[in-house]
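For what it's worth, the working numbering labels the leading residue of the sequence shown as 112, then goes sequentially. From the three backbone atoms N, C-alpha and C, an ideal C-beta is built for every residue, glycine too. Here's the structure we're looking at; comments come further down.
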Amino acid sequence: QVCNNNGLAFSFTGGALAIAEAELGVNQAKAAKALPGVYKIGFWYATADYNDVRFPTNHNGNFGLYGVVDQTIWQQGDTSLSVFTRAGVVPTDRNTVSFYIDGGVGLKGLLPHRADDTLTFGVAYEKISPDVIAFDRDSLSLVVHSNETVFEVSYAAQLAPWWTVQPDFQYIVRPGGNVADPANPLVPVRNAAVIGVRSVLKF
Numbered sequence: 112q113v114c115n116n117n118g119l120a121f122s123f124t125g126g127a128l129a130i131a132e133a134e135l136g137v138n139q140a141k142a143a144k145a146l147p148g149v150y151k152i153g154f155w156y157a158t159a160d161y162n163d164v165r166f167p168t169n170h171n172g173n174f175g176l177y178g179v180v181d182q183t184i185w186q187q188g189d190t191s192l193s194v195f196t197r198a199g200v201v202p203t204d205r206n207t208v209s210f211y212i213d214g215g216v217g218l219k220g221l222l223p224h225r226a227d228d229t230l231t232f233g234v235a236y237e238k239i240s241p242d243v244i245a246f247d248r249d250s251l252s253l254v255v256h257s258n259e260t261v262f263e264v265s266y267a268a269q270l271a272p273w274w275t276v277q278p279d280f281q282y283i284v285r286p287g288g289n290v291a292d293p294a295n296p297l298v299p300v301r302n303a304a305v306i307g308v309r310s311v312l313k314f
């Protein structure tokens, strides 16, 4: 199973999952004179056994620590500018990705009469576990894992109170953390550009 919490995804197989999270919301009231923000910190623990990513052994349980910051830094009328970041860390011996962080800026109400639309620029970074990299070198792999970086721009258009359409463009550097190309295992997968559209309907 995969659990996604505040944009941070982690996998677990069997057993149980527990999440503890603390959240602080500042200046959330409409009458607040200062700019709003949300701050979160959390810890999760999953039971069951996990294979070691380098050696032929198992580990009992998996866990991680994460944090989220979303802060408005400028506001004038219906237009506002916010910054955000999310990060998480997990043990290197039982997880392919050992560290994740993303961040960016969101500009809401950029266009006239489009107060609920949001333009977002973001960057995400995934660090492949050093144990995975060590396994590649132990096995004399011609393609060694490293990390993945994603640059993203999107525009969420609120077409109706119940309908949002969000075109999205991503440019991925070292997809999968520098994995081998299935068509040619001697070389890594090339950088990739992805264009998509997300639509959300609320009933």
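What does the Cβ neighbour count give for residue i, buried or exposed, with the cut at 16 atoms within 10 Å?
i: Ala-157; result: buried
i: Thr-168; result: exposed
i: Trp-274; result: exposed
i: Trp-185; result: exposed
i: Arg-165; result: buried
i: Pro-278; result: exposed
i: Pro-299; result: buried
Have a look at the options and flag the residue whose alpha-carbon is nearest the alpha-carbon of residue i.
i: Asn-258; options: Ser-252, Trp-273, Val-284 and Leu-270; result: Val-284
i: Gly-175; options: Ala-198, Val-305, Thr-260 and Ala-271; result: Ala-198
i: Phe-232; options: Asp-249, Val-264, Asp-213 and Asp-247; result: Val-264
i: Ala-303; options: Lys-141, Ala-143 and Gln-281; result: Gln-281
i: Val-149; options: Gln-139, Trp-155 and Ala-143; result: Gln-139
i: Ala-159; options: Val-254, Arg-165, Lys-141 and Gly-126; result: Gly-126
i: Ser-315; options: Arg-225, Val-216 and Leu-297; result: This structure gives no information on residue 315, because the portion of the chain shown stretches from 112 to 314.
i: Asp-227; options: Ala-271, Arg-301 and Asp-247; result: Ala-271
i: Lys-144; options: Glu-134, Arg-309 and Thr-183; result: Thr-183
i: Asp-292; options: Val-137, Val-311, His-170 and Val-254; result: Val-254
i: Arg-309; options: Ala-294, Lys-141, Asn-295 and Val-276; result: Val-276
Look at the alpha carbon of residue i and the alpha carbon of residue j, and state the distance between them as a whole number of angstroms.
i: Tyr-315; j: Lys-151; result: Only positions 112 to 314 of the chain appear in the structure, and residue 315 is not among them; the question remains open.
i: Ser-209; j: Val-200; result: 6 Å
i: Gly-172; j: Ala-131; result: 16 Å
i: Ile-306; j: Tyr-266; result: 12 Å
i: Gly-118; j: Ile-212; result: Reliability fails at Gly-118, whose pLDDT of 47 lies under 50, so the model's placement of it is uncertain and no value is given.
i: Arg-225; j: Val-179; result: 27 Å
i: Ala-235; j: Gly-214; result: 7 Å
i: Lys-313; j: Ala-268; result: 14 Å
i: Leu-128; j: Asp-163; result: 19 Å
i: Gly-153; j: Asp-181; result: 15 Å
i: Trp-155; j: Val-216; result: 27 Å
i: Phe-195; j: Leu-135; result: 14 Å
i: Arg-301; j: Ser-250; result: 22 Å
i: Ala-147; j: Lys-141; result: First, the residue type needs correcting, since residue 147 is Pro and not Ala in the sequence shown. Each residue's Cα considered, the two are about 9 Å apart.
i: Asn-295; j: His-170; result: 33 Å
i: Ala-237; j: Val-137; result: As written in the sequence, residue 237 is Glu, which differs from the Ala given in the question. Using only the alpha carbons, I get a separation of about 29 Å.
Do the region 233-242 and the region 194-207 meet, that is, are 3 or more Cβ pairs less than 8 Å apart? yes
Closer than 8 Å is the cut-off here; do at least three beta carbon pairs connect the region 212-225 with the region 179-193? yes
Between the region 259-272 and the region 280-300, are three or more C-beta pairs nearer than 8 Å? yes
Ordered list of beta strand (DSSP E) runs contained in the region 162-222, each at least 3 residues: 169-187, 190-200 and 208-219
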